[in-house]
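Terminal number for the sequence shown in full-length UniProt numbering: 177, no gaps in between.
Every residue, glycine too, gets a C-beta built ideally from N, C-alpha and C.
Treat the numbers as computed from the prediction; the structure is a model and nothing was measured.
Below: one structure, written as structure tokens.
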Amino acid sequence: MKIMIIGSSGSGKSTFARELGKITSYPILHLDKVFHKYPSEIAREKLREATRIFIFQNENVIIDGNYGSTLDERLPFADEVIWLKTPRLKTTFRVIKRSIKSRVFGKNRPDIAEEFKEKWDKEYLEFLKFVWTFPEKEFPQIEQKIKEFNVENKVIILKNRKDKEKYLANYGRKAKN
Numbered sequence: 001m002k003i004m005i006i007g008s009s010g011s012g013k014s015t016f017a018r019e020l021g022k023i024t025s026y027p028i029l030h031l032d033k034v035f036h037k038y039p040s041e042i043a044r045e046k047l048r049e050a051t052r053i054f055i056f057q058n059e060n061v062i063i064d065g066n067y068g069s070t071l072d073e074r075l076p077f078a079d080e081v082i083w084l085k086t087p088r089l090k091t092t093f094r095v096i097k098r099s100i101k102s103r104v105f106g107k108n109r110p111d112i113a114e115e116f117k118e119k120w121d122k123e124y125l126e127f128l129k130f131v132w133t134f135p136e137k138e139f140p141q142i143e144q145k146i147k148e149f150n151v152e153n154k155v156i157i158l159k160n161r162k163d164k165e166k167y168l169a170n171y172g173r174k175a176k177n
């Protein structure tokens with residue numbers, strides 16, 4: 001089973017991946033951990049390479065991350081695409097909150113490269129704008145890729161914590177049978 005988890009930054013992809021990983025024992029590839037390990041000029045290629053290797057080396061996988069430029073590498077192999085459509089106010093708040101935690105405590109979250117250092121600069125403001133405008137700008141592109149690879153019937157949309165808990169509970173029951 002190859003499971004992709006997509007959605008905006010701050011939607012809860014990594015947390016959800018860890019929770020699903022506990023139930024399934026599937027290995028998890030956190031795309032942020034790969035992307036932020038390398039300089040920007042080679043990061044996307046390293047991301048594509050890591051994705052291909054991970055998919056082909058593992059029968060069962062969970063891949064957490066959006067990275068629209070690598071959807072072509074993942075969608076053809078997906079048995080399930082979990083799309084977290086968390087409201088923009090919540091995603092933006094979570095991104096700001098984790099940034100503050102990182103700066104105050106000086107420790108990155110477990111799903112990001114150790115080398116990554118959060119900066120509060122113009123680039124960070126652009127990132128916040130990206131998170132805020134994600135539904136308008138990125139949803140149509142994701143929908144187009146989903147249609148292009150004919151995986152509409154494999155997409156599960158989860159909009160809130162209740163949806164996530166219900167999905168995980170059902171998956172847990174399936175895993176026990």
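Residue environment, residue i, which counts as buried when at least 16 other CB atoms sit within 10 Å
| i | result |
| --- | --- |
| N150 | exposed |
| S40 | exposed |
| I100 | exposed |
| G106 | exposed |
Nearest-angstrom Cβ-Cβ length linking residue i and residue j, presumed shorter than 8 angstroms
| i | j | result |
| --- | --- | --- |
| F50 | V34 | Per the sequence shown, the amino acid found at residue 50 is Ala instead of Phe. The pair is a contact, with the Cβ atoms about 5 angstroms apart (cut-off 8 angstroms). |
| W120 | G7 | Rounded, the Cβ-Cβ distance is 24 angstroms, inconsistent with contact. |
Beta-carbon contacts of residue i that lie in its chain and below 7 angstroms, excluding the five residues immediately before and after
| i | result |
| --- | --- |
| G65 | K13, H30, L31 and D32 |
| E118 | S99, S102 and R103 |
Beta-carbon proximity list for residue i, same chain, < 6 angstroms, skipping 5 on both sides
| i | result |
| --- | --- |
| Y38 | K46 |
| R48 | T70 and E73 |
Cβ neighbours of residue i in the same chain (closer than 8 angstroms, five flanking residues each side left out)
| i | result |
| --- | --- |
| Y167 | I82, I156 and L158 |
| H36 | A43, I112, A113, E115 and F116 |
Do the segment 28-46 and the segment 143-158 touch if we need at least three Cβ pairs shorter than 8 angstroms?
no
Three or more beta-carbon pairs under 8 angstroms between the segment 88-101 and the segment 53-62, yes or no?
no
Quick check for students: name the residue ranges of the beta strand (DSSP E) that lie wholly in the segment 31-63, counting only runs of 3 or more.
none
Pair every Cβ in the segment 116-135 with every Cβ in the segment 162-175, then say whether three or more of these pairs are closer than 8 angstroms.
no
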